[in-house]
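**Student:** Below is the structure I would like to discuss, written out as structure tokens.
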Amino acid sequence: MDLDAIQQIFFQECEEGLAGMEGAFAALRSEQYDAETINGIFRAVHSIKGGAGAFGHERLQAYTHQYETLLDLLRSGALTLTPALTNLIVAAFDMLADHVAAARDSGESPDDAVMLARLIAAASGEEAAAPAPAAPAAGADEIAFTPAPISLGDDFDDLMAMLGDVAPAAETADAAAGAAAGPQDWLVTFKPTPNALDNGGEPLLLLRELVRMGGRVQSCDTSALPPLASIDPEVAYLAWTIAVPASVDEDDIRSVFEFTDGCAVTLARGAPAPVTVAEPELEPVGPTPTIAAAPAAPIATVAPAPAPAASAAPAATAPAPKPAPPAPVVASVVAPAPTAVAQTIRVDLDKLDRLVNLVGELVITQAMLAQRLSENNMAGISELTDLDHLTRELQESTMAIRAQPMKTVFSRVPRIIRELEGETGKRVRLDIEGEMTEVDKTVVERIGEPLTHLIRNAVDHGLETTEERIAAGKPAEGVVTLSAAHHSGRIVITVSDDGRGIDRARVRAKAIERGIILPDAVLSDEEVDNLIFAPGFSTAATVSNISGRGVGMDVVRKNVQALGGRIGIQSKFGSGSSFSLSLPLTLAVVDGMIVTVGDQTFVIPLSHIVESLRPTDGAVTAIGVDGSVLDVRGSYVPIYPVAEQLGLGGGERDPANAVLIVVEADHGQAALLVDSIQDQRQVVVKSLEANYQAINGLAGATILGDGRVALIIDVDALTAHRVRTPRPMLAHAA
Amino acid sequence: MAYVLPPRLDTAAAPPLRLALKKLVEQAKPLAVDGSAVEQIGQACLQVLIAARAAAIAQGQPFALTAVSIPFADAAALAAVDLSAA
């Protein structure tokens, strides 16, 4: 591996470190942090400094040095964290991100003179409540540490951080040092009564309480747990052993269990086991360690995200004072055993893309094989079914490799919010939900821009000024909520604010003024809201340089549509708006229904399909000149003949002889009229834009088992307008 | 195909979770469970997952936890339950 490649890894680690810091700031702000939070920030900065020095990024190194000095004073307790200091740390972080970007792109380093001065001043106690010991404003390019007192554990820590990674052993050393020094810890065994889960009871909360006191849950006893077939899911079966530091008062421990009727709790002084630091490292999968102390902080060993602080993953392990009996295979165990083997590897994206392409080709070949076999009356052979399952699994596994948590996008948002706060003078709180929701990399990469615009829009147009909010009886601080969740095979990202909501009268007036709608148009509330997506629409009285950077909401909608997504608004005047983006999890494969229209074959994405019906007599009612609606159990759904909508010659027009496929589209349900249904299968999406050109009403193309090209229907676009006069536009396509 | 755990896994969610996992285990195929959407999980559902894992392994089928959310990892660590170990 050459130096460039190593440097590349360094920058990737910088990104991860920065993302981890952003998460820690949220904890600092909400004052829900502990020493480990500050340690985590320190380690991230320290790692960046180490790498910067190694690769000769002097400005970055000098900057991180001062930043680290301040953080070190905080973590050693020499300085106390005040809101002012928190703000400084966060501001310094933004500049650190700029520094990293400059080093990576060989760009110009940001002007950090003022920030450095502030950091130095803060380190000398000028901005802090507590006076600090003289923290020498050391020469900026000096790598040496500030002389803050550090413990043995920290020493290890720093060493490992310098090496770019903290092996669990370092933490073990920490734990071991602590264990060896202290008197005998409490050993608490806790077995909730069988009915402990009744009435919303949650024994885990008691564990959390003990952990908050400094306790470590050492083992979980699952021996009383019946097999899955006979388990009563609402009965508590588990029991735990928890080590609580000797310094905690017995009464305090007992008070945790005060309101738990009759659960079995024993309390005893356990003898701290002798610990050798190296042991877990020498025997990572030794026969004994059925017990591993679970750390108080969340573990992320199996988390999909590259743990922002691989360095901070607290896999503290201490041999238990009282080992549990050898567990059955099912295992009453435990936090991940310390393992010296890396859990993740970095893979070049090109290699991954090649793999995805190959899998796509395999899916097509498999479909062709199936077709060929069925022509020879061998469609039913079990090997084909197996191959089908394997291919599908392979495809899903490949896609899972590409999946990334939304966190990679969301972690950039706090900074955007901070900048907006500065520009608008509004006070904004950002709530993030579901950031670990995973979605394909392509979606992650392309959702950033529309999302940024929506956030800017929410702060700039959505939220009122502080004065307006107070006058309206709202809290001074506006709230912008960003959430992501999986919802029936799609990812739904929501950006909502508790601001003024959409002023429909104003939107309407504006749309009339701009000639977007006629003055006498009758529009539902929803239709009025959707006007803001019309090209050339802008409601801000003056176009600000925040959300009005030449990109309108129409562009946002277009970007989202290009991702195969939809955008929706919910708004209540006076209490806020919510924009939700519904996106496919991946852009490469869709489950589709293969249908025939005339002599053409089309694919309708399964995610849109509600049901397929052959209309009975009287289920179809004619409306207007040539329109008709389908009565689906009492609700009327407009019918769109696909042949007519796409201007095809041939194809069934009479619902009585056709199949009606009820789909869920942007504008509610609709029924697509097709000649017949052929099959249902996964198809690999080939872009029309890339290979031909975009066609309204079509989302892409695919290759069928017989080698023919089938076009994939864009349900939303196809049902957006009812075409009345057939257009001969597709006669030669496909 | 991984079975995606719902976001809210409180005690009320345990009976349906047990049924769903029981069905999957009975298929006697490798069982993959995706916990990335979990926002909240309590003892009841943890127990069901432990039992499901045991049932799958007893049948000689692997049980893979393909992804976990932070709240999930947090709760599993708190309860010293490891669903990811082979």
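Keeping their order, the protein sequence lines are chains A and B. For what it's worth, the numbering used here labels the leading residue of the first sequence as 1, then goes sequentially. For what it's worth, the numbering used here labels the leading residue of the second sequence as 1001, then goes sequentially. All C-beta atoms, glycine included, are put in the ideal place defined by N, C-alpha and C. The model shown is predicted, which means the values in this text are computed figures rather than measured ones.
(1) With a threshold of 8 angstroms on Cβ separation, who are the neighbours of Asp554(A) within its own chain once the five nearest residues in sequence on each side are excluded?
(2) Counting only beta-carbon atoms, is Gly1042(B) nearer than 8 angstroms to chain A?
(3) Roughly how many angstroms lie between the CA atoms of Phe190(A) and Val1081(B), to the nearest whole one?
(4) How big is the Cα-Cα spacing for Pro1016(B) and Glu234(A)?
(5) For Val1033(B), return the contacting residues in chain A, with the cut-off set at a CB-CB distance below 7 angstroms.
(6) Please report the straight-line C-alpha distance between Pro227(A) and Leu1021(B), rounded to a whole angstrom.
(7) Strictly by DSSP, which residues pair up with Thr64(A)?
(8) Does the Cβ of Ala239(A) have 16 or more other Cβ atoms within 10 Å, making it buried, or fewer, making it exposed?
(9) Which residues in the same chain have their Cβ closer than 6 angstroms to the Cβ of Pro450(A), if we skip the five residues on either side of it in sequence?
(10) Sort out for me which residues DSSP pairs Cys14(A) with in a bridge.
(11) Tell me, please, which residues DSSP counts as bridged to Arg429(A).
(12) In angstroms with no decimal places, state the Cα-to-Cα distance between Val674(A) and Asp654(A).
(13) Which stretch, first to last residue, makes up the beta strand (DSSP E) that contains Arg216(A)?
(14) Under the rule that 16 or more other beta-carbon atoms within 10 Å means buried, what is Pro475(A), buried or exposed?
(15) Can you give me the Cβ contacts of Asp714(A) inside the same chain, cut-off strictly under 7 angstroms, excluding the 5 residues immediately before and after it?
(16) Is Arg490(A) helix, strand or coil when you go by DSSP?
(17) Of the residues Ser106(A), Pro194(A), Gln218(A), which one's Cα is nearest the Cα of Ala236(A)?
(18) Can you tell me whether Met399(A) is helix, strand or coil according to DSSP?
(19) According to DSSP, simplified to helix, strand and coil, what is Val555(A)?
(20) Is Gly499(A) near Glu464(A), with beta carbons less than 8 angstroms apart?
(21) For the region 199-209 of chain A against the region 1019-1039 of chain B, are there 3 or more C-beta pairs whose distance is under 8 angstroms?
(22) Could you have a look at Gly360(A) and say whether DSSP puts it in helix, strand or coil?
(23) Which ranges does the alpha helix (DSSP H) cover as unbroken runs of at least 4 residues, wholly within the region 490-522 of chain A, from first to last along the chain?
(24) So, Gly598(A) versus Leu648(A), is the Cβ gap smaller than 8 angstroms?
(25) Tell me, to the nearest whole angstrom, how far the beta carbon of Ala670(A) is from that of Val637(A); I am working on the premise that it is less than 8 angstroms.
(26) Indicate whether at least one CB of chain A lies closer than 8 angstroms to the CB of Ala1052(B).
(27) Using a beta-carbon distance below 8 angstroms, is Ala1086(B) in contact with chain A?
(28) Beta-carbon of Arg1018(B) versus every beta-carbon of chain A: anything under 8 angstroms?
(29) Leu585(A) by DSSP, collapsed to three states: which one?
(30) Short of 6 angstroms in beta carbon distance, which residues of its chain neighbour Ala1044(B), apart from the five on each side in sequence? Order them along the chain.
(31) Does Tyr1003(B) come within less than 8 angstroms of chain A when only Cβ atoms are used?
(32) Going by DSSP, name the residue or residues bridged to Tyr640(A).
(33) Using 8 angstroms as the limit for Cβ to Cβ distance, is Val217(A) near chain B?
(34) Go through the region 678-720 of chain A residue by residue and report every complete run of the beta strand (DSSP E) that reaches 3 residues or more, in order.
(35) Three Cβ pairs or more, each shorter than 8 angstroms: is that satisfied between the region 679-699 of chain A and the region 619-639 of chain A?
(36) Reducing DSSP to helix, strand and coil, say where Glu664(A) ends up.
**Tutor:** Working from what's here:
(1) Phe533, Ala534, Pro535, Gly536, Phe537
(2) yes
(3) 15 angstroms
(4) 11 angstroms
(5) Going along chain A, no residue has its Cβ under 7 angstroms from Val1033(B), so there is no contact; the nearest lies around 11 angstroms.
(6) 12 angstroms
(7) For Thr64(A), which the question treats as bridged, DSSP gives no partner whatsoever.
(8) buried
(9) Val556, Asn559, Val560
(10) Answer is none; Cys14(A) lacks a bridge partner.
(11) Val479(A)
(12) 10 angstroms
(13) 216-221
(14) exposed
(15) Gly697, Leu698, Ala699
(16) strand
(17) Pro194(A)
(18) helix
(19) helix
(20) yes
(21) no
(22) helix
(23) 504-513
(24) yes
(25) 6 angstroms
(26) yes
(27) Unreliable positioning characterises Ala1086(B) in this predicted model, as indicated by a pLDDT of 43, which lies under 50. The coordinate reading is nonetheless provided below. Judged by the 8 angstroms Cβ criterion, Ala1086(B) is not in contact with chain A.
(28) yes
(29) coil
(30) Thr1011, Ala1014
(31) no
(32) Leu672(A)
(33) yes
(34) 698-703, 709-713
(35) no
(36) strand
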